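This report refers to the structure that appears directly beneath it.
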Amino acid sequence: DAGITQSPRHKVTETGTPVTLRCHQTENHRYMYWYRQDPGHGLRLIHYSYGVKDTDKGEVSDGYSVSRSKTEDFLLTLESATSSQTSVYFCAISEWNTEAFFGQGTRLTVV
Amino acid sequence: RKEVEQDPGPFNVPEGATVAFNCTYSNSASQSFFWYRQDCRKEPKLLMSVYSSGNEDGRFTAQLNRASQYISLLIRDSKLSDSATYLCVVNSGGYQKVTFGTGTKLQVIP
Numbered sequence: 001d002a003g004i005t006q007s008p009r010h011k012v013t014e015t016g017t018p019v020t021l022r023c024h025q026t027e028n029h030r031y032m033y034w035y036r037q038d039p040g041h042g043l044r045l046i047h048y049s050y051g052v053k054d055t056d057k058g059e060v061s062d063g064y065s066v067s068r069s070k071t072e073d074f075l076l077t078l079e080s081a082t083s084s085q086t087s088v089y090f091c092a093i094s095e096w097n098t099e100a101f102f103g104q105g106t107r108l109t110v111v
Numbered sequence: 112r113k114e115v116e117q118d119p120g121p122f123n124v125p126e127g128a129t130v131a132f133n134c135t136y137s138n139s140a141s142q143s144f145f146w147y148r149q150d151c152r153k154e155p156k157l158l159m160s161v162y163s164s165g166n167e168d169g170r171f172t173a174q175l176n177r178a179s180q181y182i183s184l185l186i187r188d189s190k191l192s193d194s195a196t197y198l199c200v201v202n203s204g205g206y207q208k209v210t211f212g213t214g215t216k217l218q219v220i221p
């Protein structure tokens, strides 16, 4: 299995609080992604990164920010969590035109 | 039109049956294609890549039709363990934006 870990694996937080999810890889892959997965919507891209300090928005980026200060780490921040951000979050990594490998996911509940 | 579309199913098939899924994509410049499998509450995992010439891996066969812009996955001799959601994935190149279909749910019945 690809060396990709997400932390935390589960989190419950209150509306309005900031939350940061971490994705760490040991594969030295250039591309990293954050997805959310909700029933009926499948996987939706939040943000992605194509190198250190190089990031871009996906289709559902509102309310989320990301940072990538090192090749191995990609952070997803919810500045002020809302109940609509309750979801399962997956991080993925890939190289150019290759398959993506996923972390095990983070289950986030905003109450 | 969605970039990648799949029939959500569910497909309920008996053990031993052959089942096929299709996935259509809208970007004619798409460069690479994959099928992923996702078990309930788990991360998606690569099942197989899809090549222009078609490819086979045991009971699984994947094909690409660029003219009609679809890919297919055929599962022969279905097993109970094949029950999962199958995701179609398209890579349109550029900064490697990878687009996932919403998945097709397969339930193999004893």
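Protein chains in written order, with the numbering used here: chain A, 1 to 111; chain B, 112 to 221.
Note that the Cβ used here is the ideal one computed from N, Cα and C, for glycine as well.
Quick caveat: nothing in here was measured; it's all calculated off a predicted structure.
- Taking 7 angstroms as the cut-off between beta carbons, the residues of the segment 56-78 of chain A near chain B are D56, in sequence order.
- Residue-level contact check: N28(A) does not touch chain B, since none of the beta carbons of chain B fall below 7 angstroms from its beta carbon.
- Under the three-state reduction of DSSP output, Q85(A) falls in the helix class.
- Within chain B, E154 have C-beta atoms less than 7 angstroms from the C-beta of G103(A), given in sequence order.
- Residue contact with chain B for L108(A): absent (no Cβ-Cβ distance below 7 angstroms to any residue of chain B).
- Proximity of chain A to T213(B) at the Cβ level (cut-off 9 angstroms) is accounted for by G40, H41, G42, L43, in chain order.
- With contacts defined by Cβ atoms closer than 7 angstroms, Q117(B) and T196(B) do not form a contacting pair.
- Residue nearest to I93(A) within the set P155(B), V161(B), N176(B) is P155(B) (criterion: CA-CA distance).
- In chain order, L108, T109, V110 place their CB closer than 7 angstroms to the CB of T86(A), counting only its own chain and leaving out the 5 sequence neighbours on each side.
- Counting only runs of at least 4 residues, the segment 29-108 of chain A fully encloses no alpha helix (DSSP H) element at all.
- Two segments are said to touch when three or more pairs of C-beta atoms, one from each, lie closer than 8 angstroms; by this definition the segment 60-78 of chain A does not touch the segment 116-130 of chain B.
- When secondary structure is reduced to three states using DSSP, D193(B) falls in the helix class.
- Looking at H47(A), T82(A), S83(A), V88(A), the one whose alpha-carbon comes closest to that of R68(A) is H47(A).
- Counting the other CB atoms within 10 Å of its CB gives A140(B) a total below 16, which places it among the exposed residues.
- Three or more Cβ pairs drawn from the segment 71-89 of chain A and the segment 24-35 of chain A lie within less than 8 angstroms of each other, which places the two stretches in contact.
- Looking at the backbone, the Cα of E114(B) and that of A173(B) are separated by about 19 angstroms.
- Annotation for V209(B): the continuous beta strand (DSSP E) segment containing it runs 209-211.
- Restricting attention to N176(B), S203(B), S137(B), the CA atom closest to the CA of S163(B) is found in N176(B).
- About 6 angstroms separates the beta carbons of F171(B) and I186(B), which is inside the 8 angstroms limit, making them a contact pair.
- Listed along chain B, no residue sits closer than 8 angstroms to Y89(A) by beta-carbon distance, the nearest being about 11 angstroms off.
- The C-beta distance from G16(A) to S83(A) rounds to 10 angstroms, too long to meet the 8 angstroms contact threshold.
- Closer than 8 angstroms at the C-beta level to chain A, one finds these residues of the segment 169-199 of chain B: L198.
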